[in-house]
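Just so you know, the sequences run in chain order C and G. Residues 1 to 410 in the numbering used here are what the first sequence lists, from first letter to last. Residues 1 to 410 in the numbering used here are what the second sequence lists, from first letter to last. Heads up, the beta-carbon is just placed ideally off N, CA and C, and yes, glycines get one too. Every value quoted in this text rests on a predicted model; they were computed, and no experiment measured them. Here is the structure we will look at, set down as structure tokens.
2 protein chains.
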Amino acid sequence: MSTSISPLAPKHVPDMPDVAGVRLATAQAGIRYANRTDVLLALFDAGTVAAGVFTRSKCPSAPVEWCRAHLKNKARALVVNSGNANAFTGKSGRAATKLTAEIAAKAAGCKPGEVFLASTGVIGEPLDAHKFAPVMAGLAGSARAGGFHDAAKAIMTTDTFPKVATATARIGKTAVTINGIAKGAGMIAPDMATMLSFVFTDAAIAAPALQAMLKNGVADTFNAVTIDGDTSTSDTLMMFATGRAEGCPRIVRASDPRLKDFRKALQKVLANLSEQVARDGEGARKLVEIVVEGAVSKASARRIAMSIANSPLVKTAIAGEDANWGRVVMAVGKAGEPADRDRLSIWFGGIRVAHKGARDPGYDEAAVSAEMKKPEIFLKVALGLGKGRDRVLTCDLTKEYVAINGDYRS
Amino acid sequence: MSTSISPLAPKHVPDMPDVAGVRLATAQAGIRYANRTDVLLALFDAGTVAAGVFTRSKCPSAPVEWCRAHLKNKARALVVNSGNANAFTGKSGRAATKLTAEIAAKAAGCKPGEVFLASTGVIGEPLDAHKFAPVMAGLAGSARAGGFHDAAKAIMTTDTFPKVATATARIGKTAVTINGIAKGAGMIAPDMATMLSFVFTDAAIAAPALQAMLKNGVADTFNAVTIDGDTSTSDTLMMFATGRAEGCPRIVRASDPRLKDFRKALQKVLANLSEQVARDGEGARKLVEIVVEGAVSKASARRIAMSIANSPLVKTAIAGEDANWGRVVMAVGKAGEPADRDRLSIWFGGIRVAHKGARDPGYDEAAVSAEMKKPEIFLKVALGLGKGRDRVLTCDLTKEYVAINGDYRS
């Protein structure tokens, strides 16, 4: 299995500032991997609130169920391990989750219900939570401000690069920080189906407002990214607000106009992290941006864009650098949304290849071929029916994807 | 591009009897392919009725629209070409369809509206219907009883073997014949997205009854097969009944008890042809049968089975001979249907690998591995919720699939 860094990895990795009220530590607990960190402990100052959005899977992992059940509690700690997803592990999975929270609560000096948990890695293998006991006190003792790059590394599974993003925003006269980390490769990781992301801020925002902003922010970022249409049992995006930015006014409602800049900065962090997930899709050689416009609604545009983004025929064509707009028509047609073949136009990389139900009269194969050789492919579909518009990100489907996912355990 | 015959091809190819009232001929019209037949003409005796089910695509091909519009007419001819799907070709596509019907009607001595049409091949390229003119009179002149094997060959695109099936049935005291031909490789063919199938019988059955039986028959056969979840713009299954079986009573209603044996035989032909389509999925090395039972309804079981069958992670795991039931759980979870992780059991090849939300205590890796090496994989999921049961067929997702679909035009 290739472990070389994706050619689509961001060229610039940002410096990550501290977030007041957040301390981090990583360790090697030996869950599955040798010679690398596989557990992250984040400690939060008293008063920290949490928000979270989770997988829509009907078979979620034990940690997802734990986080959902405790989301209204204050947050004092977050424990994330890689190597084992603790998913589909039955009663022993729930027991492992509880034990992990108890071990962390003891080390952090809080209640188990104030500890949030996420696990990523193999599904169906029992997680031996006792492995956390020997390292947890050391983690709590060594936790310090900063360390976001190390944190992003500790939660990786088949990711080829750690994913971090940061932004600052003003709330009133106070500058606050938003730091995020994520791991992919989304819903496509081999045994290791998990997309995890954690966002930390020192802003003082009440939990319901934080939850509302996070839920809203995810719609056009993480929920607008697909690798292969497969939905992880463990997808978790959590956000923690410590309120420790000095002088930050406490915001209670998401509709508070003072959140305008913060909301924008949060959106930027979420968009950045989710794009990195698409860039690190397994076997990906092309980042594909799909815009659908002229649909009857935004929701309709989303479904059509997702139908294109998840079509194996479209994805393999892009891997083959083939501007195969016939397959795009096919994917529009199968979406089940209103579409009129005779009004449909399609662009690859800004060049219109099909117009009003037929090949564009000015179609220039050479120009389109040049576009298709680029590492980033922009694909636009105009339906000509209404004002609905949406955008999703995906990657191509390569032989490496099949190799990674087919050869993994053999 | 490999053109070797699929290792999953049926070992036995049946002899195909004549169907009274049906005459066939094939020719080389040079639509796209050189040195092979690419056009099929079927002529039907007066009084022949037609039934058809077509793609659910919102962007269907011009021939699909033509057939739908004329389905209530009597059928005197069927023209099928390979090499060009005449899909997404706008007004010129509709004109090409009309011209083809006119050329065939002249040769057959009937009205254009009594000619049915299907095209398979590249999408978006204009179809030059004038190419049919020089060969059509010869086709009509040479049409003869029999020739079903040649007919199945003429409609192939990326299929690695021609697909035929036959059955006999009794209606009253009369023996009638049902012959079918099909081309795949279903919704996965490269530029050439088309699944076509044609069934011919000498039974005397009124069009509405024929239509009802065909629609009913397709639900658990062609509609229960998926290669990659991509839906062709051209999917066509048509059936023609000549009524020429000597002494055959004319049946008007689908509910007529005399159709019992015929219905069973038709089901057998449709199941056989659709299974051959799955066996010839592009790049396929494994035929995969998926049974879901214990769902809240048959429809729910179908959606869960399709979610498993279309999951790239499940399909690549099977290609890698990996009994990766964690991915099956993932696919159950993402289907959006009622499912309870703690009641879920999963079998590969008759061996239970997961039970009640966790790995089966008696899990034997060696025994399961031996099952996974077989060319036919049986995968069963029991949900433990109700009596809903369904079955679908698919194939694995291999590097060859990506190669065929990614490298095709490059």
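Nonlocal neighbours in the same chain, by C-beta distance under 6 Å from G:Cys-59, ignoring five residues either side: Thr-233
Assuming C:Thr-236 is part of the beta strand (DSSP E), what are its boundary residues? Its beta strand (DSSP E) spans residues 236-241.
CA-to-CA distance, G:Leu-210 to C:Gln-211, given in whole angstroms: 57 Å
Nearest neighbour of C:Met-330, chosen from G:Arg-23, G:Ala-207 and G:Asp-228 [CA to CA]: Out of G:Arg-23, G:Ala-207 and G:Asp-228, G:Asp-228 has the C-alpha closest to the C-alpha of C:Met-330.
State yes or no: is the C-beta of C:Leu-379 within less than 8 Å of the C-beta of C:Glu-275? no
Closer than 8 Å at the beta carbon, the chain G residues around C:Lys-412: A query on residue 412 of chain C cannot be resolved here, the shown segment of chain C reaching from 1 to 410 and no further.
Chain C contact for G:Val-64 (CB, 8 Å cutoff): No, G:Val-64 lies away from the interface with chain C (no Cβ there is under 8 Å from its Cβ).
Give the single residue among G:Thr-120, G:Ala-284 and G:Asn-216 whose Cα lies nearest to the Cα of G:Thr-394. G:Ala-284
CA-CA distance, C:Leu-110 and C:Ala-204? For clarity, residue 110 of chain C is Cys in the given sequence; the question names Leu instead. Their Cα atoms are separated by approximately 21 Å.
Can you say whether C:Ala-189 is buried or exposed, counting buried as having 16 or more other CB atoms within 10 angstroms of its CB? Below a pLDDT of 50, predicted positions are generally treated as unreliable, and C:Ala-189, at 31, falls in that range; the measurement from the model is reported next regardless. Buried: at least 16 other Cβ atoms inside 10 Å.
Buried or exposed, going by whether 16 or more other CB atoms sit within 10 Å of the CB of C:Ala-193? Model confidence at C:Ala-193 stands at a pLDDT of 46, short of 50, so the residue's coordinates are unreliable; what they give is reported in the following sentence. When all chains shown are included, C:Ala-193 counts as buried.
Would you check if the distance between the CB atom of G:Ala-140 and the CB atom of G:Ala-107 is smaller than 8 Å? yes
The alpha helix (DSSP H) spanning G:Ile-308 covers which residue range? 298-309
With DSSP as the reference, label C:Arg-258 as helix, strand or coil. helix
With DSSP run on the structure shown, which of helix, strand or coil describes G:Ser-327? As written in the sequence, residue 327 of chain G is Arg, which differs from the Ser given in the question. Reduced to three states, the DSSP call for G:Arg-327 is helix.
Proximal chain G residues relative to C:Lys-399, where beta-carbon distance stays under 7 Å: Lys-399, Val-402 and Ala-403
Looking only at C-alpha atoms, which of C:Asn-324, C:Ala-152 and C:Met-213 sits nearest to C:Arg-352? C:Asn-324
Between the beta-carbon of G:Ile-155 and the beta-carbon of G:Leu-313, is there less than 8 Å? no
Round the Cβ separation of C:Ile-181 and C:Lys-163 to the nearest angstrom and send it over; I've been treating them as touching at under 8 Å. 6 Å
Between the C-alpha atoms of G:Arg-409 and G:Thr-168, what's the straight-line distance to the nearest angstrom? Caution is warranted here: a pLDDT of 45 is assigned to G:Arg-409, below 50, making its placement in the model unreliable, and the coordinate value is therefore given only provisionally. C-alpha separation (whole angstroms): 43 Å.
So who's on the other strand from C:Glu-376, going by DSSP bridges? C:Leu-287
Give me the DSSP bridge partner(s) of C:Leu-40. C:Thr-26 and C:Val-80
What residue does the alpha helix (DSSP H) around G:Leu-196 start on, and which one ends it? Here G:Leu-196 belongs to no alpha helix (DSSP H); instead the beta strand (DSSP E) covers 196-201.
Where do the ends of the alpha helix (DSSP H) carrying G:Gly-411 lie? No answer is possible for residue 411 of chain G: the residues shown for chain G start at 1 and end at 410.
Name the one or two DSSP bridge partners that C:Ser-119 has. Under DSSP, C:Ser-119 takes part in a beta bridge, and its partners are C:Asn-81.
Supposed close pair C:Ala-75, C:Phe-54 - CB separation, criterion 8 Å: Incorrect: roughly 15 Å between the Cβ atoms, too far for contact.
Spatial distance of C:Leu-397 from G:Lys-373 (CA atoms): 25 Å
If we define contact as Cβ-Cβ less than 8 Å, is C:Trp-325 a contact residue for chain G? yes
By the criterion of Cβ-Cβ separation under 8 Å, what are the contact partners of G:Cys-67 in chain C? The premise fails here: G:Cys-67 is roughly 16 Å from chain C at the closest Cβ pair, so nothing lies under 8 Å.
From the DSSP secondary-structure annotation, give me the bridge partner or partners of C:Ala-167. C:Ile-178
With a threshold of 8 Å between beta carbons, is C:Lys-286 in contact with chain G? no
Which one or two residues does DSSP pair with G:Met-394 in a beta bridge? Note on identity: in this sequence residue 394 of chain G is Thr, with Met being the wrong assignment. For G:Thr-394, which the question treats as bridged, DSSP gives the partners G:Val-288.
Determine, using beta-carbon pairs with one atom in the region 382-390 of chain C and one in the region 331-347 of chain C, whether at least three such pairs fall under 8 Å. yes
Mind listing which residues of the region 77-103 of chain G have their C-beta closer than 9 Å to chain C's C-betas, in chain order? Ala-85, Ala-87, Phe-88, Thr-89, Gly-90, Lys-91, Ser-92 and Gly-93
Just list the residues that DSSP pairs G:Glu-293 with in beta bridges. G:Ala-382
Please decide whether G:Cys-248 counts as near chain C, where near means a Cβ-Cβ distance under 8 Å. For G:Cys-248, no Cβ of chain C is located within less than 8 Å of the residue's own Cβ.
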